[in-house]
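The sequence shown finishes on residue 199 if you use this note's numbering, and the numbering steps up by one all the way, no holes.
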Amino acid sequence: AANFRRSIGAWAGQPVDPWIKDVVRTAKAHLNNETIEEVTVVKVPEHLKGESRKLYVKGAEIYGREGHCATCHQPDGEGLALSGFPPLSRSSWVDQDEERLIKLTLKGLVGPLELSGKKYPGLTPMTPLGGMLSDEEVAAVLTYVRNSFGNRAPMVTAAKVKQVREATKSKVDF
């Protein structure tokens, strides 16, 4: 423990790789008998108030979960073009057709698509999140995406997600 404590102390004031920052923070807390509370810190756009604000904050946490949205679309919403993952930033697919966005979040997406004049082969499918997220969680993450990365659109409601989920329940593939 003493060697580890010296190593952590040597890192003080030094830049820490984003992939290890939570490990360092947790290790420091443990060595100092402190407790870590999981908190998502997010700057909420000023135009969001009340329920849309709450959904946005919850959506930010969901978006960043391991194996969820940020894995492919990246924390900055710019995607990974070389891997075939399109950006969410300034995307007509995000801010125009709410129902299409809900459907592809619930059921996933596979196959080629064109977005902002760029073609994506669609070889790697988007994971269908309908079995992993509740209606409120889908509404939250989509409200976050629709108001982040240069996008600005109305919130998505859990009632709308429930309606689309019900209408597409017989669809079992992408």
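Note that the Cβ used here is the ideal one computed from N, Cα and C, for glycine as well.
These figures come from a predicted structure and were not determined experimentally.
*If you check the beta carbons only, do residue 170 and residue 119 fall under 8 Å apart?*
The answer is yes: Cβ separation under 8 Å.
**OP:** Report yes if the CB atom of residue 87 is closer than 8 Å to the CB atom of residue 161, and no otherwise.
**Re:** It is not a contact, given that the beta carbons lie outside the stated cut-off.
**Q.** Minimum C-alpha distance to residue 202 - residue among 146, 135, 181
**A.** An answer regarding residue 202 cannot be provided, because it is not within the stretch 26 to 199 covered by the chain.
Notebook entry, point to check: Hey, is the segment 105–122 in contact with the segment 130–150, meaning 3+ C-beta pairs nearer than 8 Å?
Noted result: These segments touch.
Sheet register partners of residue 140 (DSSP bridge): Paired residue(s): 143.
Short Cβ contact (8 Å threshold) for residue 81 with residue 176: No.
TODO: Quick one: residues in its chain with C-beta nearer than 6 Å to the C-beta of residue 113, no 5 flanking neighbours on either side, listed in chain order?
DONE: Excluding five sequence positions before and after residue 113, the CB atoms of its chain that fall closer than 6 Å to its own CB belong to 98, 102, 119, 170, 174, given in chain order.
Which of helix, strand or coil DSSP assigns to residue 113
Residue 113 falls in the coil class under three-state DSSP.
Rounded separation between residue 158 and residue 149 - CA only: Note on geometry: alpha-carbon atoms of residue 158 and residue 149 lie some 21 Å from one another.
Alpha carbons only, please: which of 156, 182, 194 is nearest the one belonging to residue 168? Residue 182 is the option with its Cα nearest to residue 168.
**OP:** Use the C-beta contact count for residue 100: other C-beta atoms within 10 angstroms, 16 or more gives buried, fewer gives exposed.
**Re:** Within 10 angstroms of the beta-carbon of residue 100 lie fewer than 16 other beta-carbons, which makes it exposed.
Beta-carbon contacts of residue 109 that lie in its chain and below 8 Å, excluding the five residues immediately before and after:
Contacts found: 145, 146, 147, 148, 149.
### Contacts around residue 59, its chain only, beta-carbon distance under 7 Å, and the 5 residues preceding and following it disregarded
Excluding sequence positions up to five before and after residue 59, its CB lies less than 7 Å from no other CB in the same chain.
* Asked: Where DSSP assigns a beta bridge to residue 151, which residues make up the other side?
  -> In the DSSP output, where bridge partners are listed per residue, residue 151 has 134.
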